[in-house]
Amino acid sequence: MTAQEQFLEPDDPGRARLALSWAPGTGAAAPVWVFLHGLGSDRQGEKALRFRDHLSGRGPGFLSLDFTGHGDSGGDCHGLSLTRNLEDIGRAVSFLREEAPRAPLILVGSSMGGIAALWYAALHPGDVHRVFAIAPAFLMAARFAASLSAEARRDWANRGFVPVPVGDRDLEIGWDIVADEDGYGMERLGEALRTPSLLLHGAEDAVVPPELSRDFAGLCRAAELTEIEDGDHRMSEHKDLLFEIMWTAAAAS
Numbered sequence: 187m188t189a190q191e192q193f194l195e196p197d198d199p200g201r202a203r204l205a206l207s208w209a210p211g212t213g214a215a216a217p218v219w220v221f222l223h224g225l226g227s228d229r230q231g232e233k234a235l236r237f238r239d240h241l242s243g244r245g246p247g248f249l250s251l252d253f254t255g256h257g258d259s260g261g262d263c264h265g266l267s268l269t270r271n272l273e274d275i276g277r278a279v280s281f282l283r284e285e286a287p288r289a290p291l292i293l294v295g296s297s298m299g300g301i302a303a304l305w306y307a308a309l310h311p312g313d314v315h316r317v318f319a320i321a322p323a324f325l326m327a328a329r330f331a332a333s334l335s336a337e338a339r340r341d342w343a344n345r346g347f348v349p350v351p352v353g354d355r356d357l358e359i360g361w362d363i364v365a366d367e368d369g370y371g372m373e374r375l376g377e378a379l380r381t382p383s384l385l386l387h388g389a390e391d392a393v394v395p396p397e398l399s400r401d402f403a404g405l406c407r408a409a410e411l412t413e414i415e416d417g418d419h420r421m422s423e424h425k426d427l428l429f430e431i432m433w434t435a436a437a438a439s
């Protein structure tokens with residue numbers, strides 16, 4: 187499956203250029219899997235590429251994007267928020283509606299991308315056929331803020347950003363992500379989400395507690411949970427298993 191590199195230019199000064207990789211499906215009505223990466227990753231991450239390889243020759247299309255401030259997209263992480271990520275997804279979906287207007291959309295999100303996928307489906311009922319959320323980062327900003335001392339939180343608020351180690355580099359995350367997340371509570375999401383959604387969470391995840399996915403699956407009728415017994419947060423060793431679980435679930439829907 188060969189991907190076409192696309193760049194969506196901003197339609198207003200407050201937005202950045204978005205980078206996409208787009209591989210059309212085999213027919214006008216073939217579903218499109220849309221991969222949404224996690225914090226500090228990008229559309230060329232190992233899960234994105236592995237899932238795209240698995241889909242090659244099976245019929246569906248595949249699109250992955252770099253969220254603003256990541257990869258080849260413009261902007262930075264000072265303005266990172268769930269709201270901004272949802273706007274980025276909306277721009278990618280608009281692109282797809284031009285390229286494949288009849289295609290059912292399957293959102294596949296990892297960590298930060300997982301919570302964005304769930305919220306996008308909840309806020310756009312009928313636009314998304316199914317969601318697969320891998321270790322969705324519930325309460326991402328709140329959990330990070332709670333891990334800091336009171337002095338560090340005050341410094342974050344005063345400076346406007348804080349360096350956050352992600353992999354081999356630091357991302358400067360803006361303070362506004364905390365207030366933005368307050369508008370996206372888990373109970374509200376559980377009530378609003380109607381799209382069939384499968385959460386895939388490693389039982390050994392030390393970054394996003396699996397209890398959060400268990401709690402959400404318990405309060406949302408549209409969500410189910412599959413736990414990967416020895417999976418960590420990245421689940422790098424379980425990419426093939428994750429795909430087979432998702433492929434089987436998608437084929438049954």
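Sequential numbering of the sequence shown, starting at 187, is according to this note's numbering.
Ideal placement from N, C-alpha and C gives every residue a C-beta, glycine not left out.
Which value, in whole angstroms, describes the spacing of the CA atoms of residue i and residue j?
{"i": "Leu357", "j": "Ala365", "result": "19 Å"}
{"i": "Ser242", "j": "Ala209", "result": "9 Å"}
{"i": "Ile359", "j": "Val394", "result": "18 Å"}
{"i": "Asp341", "j": "Ile363", "result": "15 Å"}
{"i": "Ala286", "j": "Gly261", "result": "28 Å"}
{"i": "Ser207", "j": "Asp239", "result": "13 Å"}
{"i": "Pro322", "j": "Gly213", "result": "31 Å"}
{"i": "Ala189", "j": "Asn344", "result": "43 Å"}
{"i": "Thr254", "j": "Glu195", "result": "12 Å"}
{"i": "Ala202", "j": "Pro311", "result": "26 Å"}
{"i": "His424", "j": "Glu284", "result": "34 Å"}
{"i": "Phe324", "j": "Arg244", "result": "32 Å"}
Between which two residues does the beta strand (DSSP E) containing residue i stretch?
{"i": "Val317", "result": "Arg316 to Ile320"}
{"i": "Gly300", "result": "Run containing Gly300: none in the beta strand (DSSP E); it sits in the alpha helix (DSSP H), Met298 to Leu309."}
{"i": "Phe324", "result": "Looking at the DSSP string, Phe324 is not in any beta strand (DSSP E), and its letter there is neither H nor E."}
Please classify residue i as buried or exposed, where buried requires at least 16 neighbouring CB atoms within 10 angstroms.
{"i": "Phe237", "result": "buried"}
{"i": "Ala392", "result": "exposed"}
{"i": "Ala438", "result": "exposed"}
First and last residue of the alpha helix (DSSP H) that includes residue i?
{"i": "Gly276", "result": "Leu268 to Glu285"}
{"i": "Phe429", "result": "Lys425 to Ala438"}
Whole beta strand (DSSP E) elements within the region 338-420, 3-residue minimum: Whole beta strand (DSSP E) segments, 3+ residues: 347-352, 355-360, 383-388 and 409-414.
Ordered list of beta strand (DSSP E) runs contained in the region 190-241, each at least 3 residues: Within the region 190-241, the complete beta strand (DSSP E) runs of at least 3 residues are 190-194, 204-209 and 218-222.
Sufficient close CB pairs (3 or more, under 8 Å) joining the region 392-409 to the region 427-434: Touching, no.
Touching by the beta-carbon criterion (3+ pairs, under 8 Å), the region 308-321 and the region 382-389: Flag = yes, the region 308-321 and the region 382-389 touch.
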